[in-house]
Amino acid sequence: MFDAKLRPLIDPPLNRLGSALARRGVTANAITFLGLALGLAGAAAISVGYFGAGLGLILANRLLDGLDGAVARANGPTVLGGYFDIVADFAFYVSVPLGFGLVDPANTQAALVLVASFVLTGVSFLAYAVIAAERGARTDAHGRKSFFYSTGLAEGGETIAVFIAFALFPAWFVQLAYAYAALCVLTVFQRSALAIVQFSD
676 MFDAKLRPLI
686 DPPLNRLGSA
696 LARRGVTANA
706 ITFLGLALGL
716 AGAAAISVGY
726 FGAGLGLILA
736 NRLLDGLDGA
746 VARANGPTVL
756 GGYFDIVADF
766 AFYVSVPLGF
776 GLVDPANTQA
786 ALVLVASFVL
796 TGVSFLAYAV
806 IAAERGARTD
816 AHGRKSFFYS
826 TGLAEGGETI
836 AVFIAFALFP
846 AWFVQLAYAY
856 AALCVLTVFQ
866 RSALAIVQFS
876 D
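Start counting the sequence shown at 676; every next residue gets the next number (the numbering used here).
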């Protein structure tokens, strides 16, 4: 919901840094995999109760997630890079609820519900992207991407805000997880309604 509005603020400094790294031979894929490793390490830290360390690694993951796109724009985006980026994103997204589910058995059910909502949101996102690509649709609302990014109520910015809240207030994980899972399900309905409008023959 807020991702497109944040792009004009975060893209200029990221693009400058991305251009500098690209000139030094750093690849977008290398940054993607480093970011994934840090994100998974953050989830692992959370799973053993190190919430502060987990939060720091989550933020590092998000910084690198933005930076890999900036390097890709400097070098020229590739289809394979886009594939790695989205797989790494979803691997990271599901790992954080998993970490909270492991650290406290009381969190397990809420974590499972949240992961399930992420799966549904991801499926709707990718299915929309495939059909939009087949129809030649284009959008720059989320910056230059390897494939079509549809807007939704629950996007990357909202997800990271919720992950930060999880780490800062772990005792509220269950309530926050159920609330965000509901928003993710609403996003699926929203995207499905948009698909009916856009893709009906």
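Ideal Cβ placement from N, Cα and C applies to all residues, glycine included.
Contact between the region 778-786 and the region 713-727 is present: 3 or more CB-CB pairs across the two stretches fall below 8 Å. Excluding residues up to 5 positions away in sequence, LEU696, LEU739, LEU742, ASP743, VAL746 lie with their Cβ nearer than 8 Å to the Cβ of ILE706 in the same chain. When the Cα atoms are used, VAL849 and GLY700 turn out to be separated by approximately 44 Å. In terms of Cβ geometry, PHE708 and ASN736 do not form a close pair [threshold 8 Å].
Separation of the CB atoms of ALA720 and ALA728 is rounded to 4 Å, and the pair is thereby assigned contact status at 8 Å. Between the alpha carbons of ILE835 and VAL872 lies a gap of roughly 29 Å. For the pair of segments examined, the region 785-798 was found to touch the region 854-863: the number of CB pairs separated by less than 8 Å reaches three. In this structure ALA716 is in contact with LEU732, their Cβ atoms being roughly 5 Å apart against a cut-off of 8 Å.
With contacts defined by Cβ atoms closer than 8 Å, LEU828 and VAL837 do not form a contacting pair. For ALA728, the uninterrupted alpha helix (DSSP H) run begins and ends at 726-750, by DSSP. Residues of the same chain with a CB within less than 8 Å of the CB of ASN704, apart from the 5 flanking positions on each side, are ASP743, LEU755, GLY756, PHE759 in chain order.
Annotation: PRO845 is outside any alpha helix (DSSP H) and is labelled neither H nor E by DSSP. Rounded to the nearest angstrom, the gap between the Cα atoms of ALA842 and GLY774 is 11 Å. Judged by their CB atoms, TYR853 and VAL769 are not nearer to each other than the 8 Å cut-off. A residue is called buried once 16 or more other Cβ atoms fall within 10 Å of its Cβ, and ARG748 is buried on that count. When the five nearest sequence neighbours on each side are left out, the beta carbons in the same chain lying within less than 6 Å of the beta carbon of GLY714 are those of ASN736, PHE767, in order along the chain.
With a contact defined as Cβ atoms closer than 8 Å, ILE806 and LEU730 miss out at about 37 Å.
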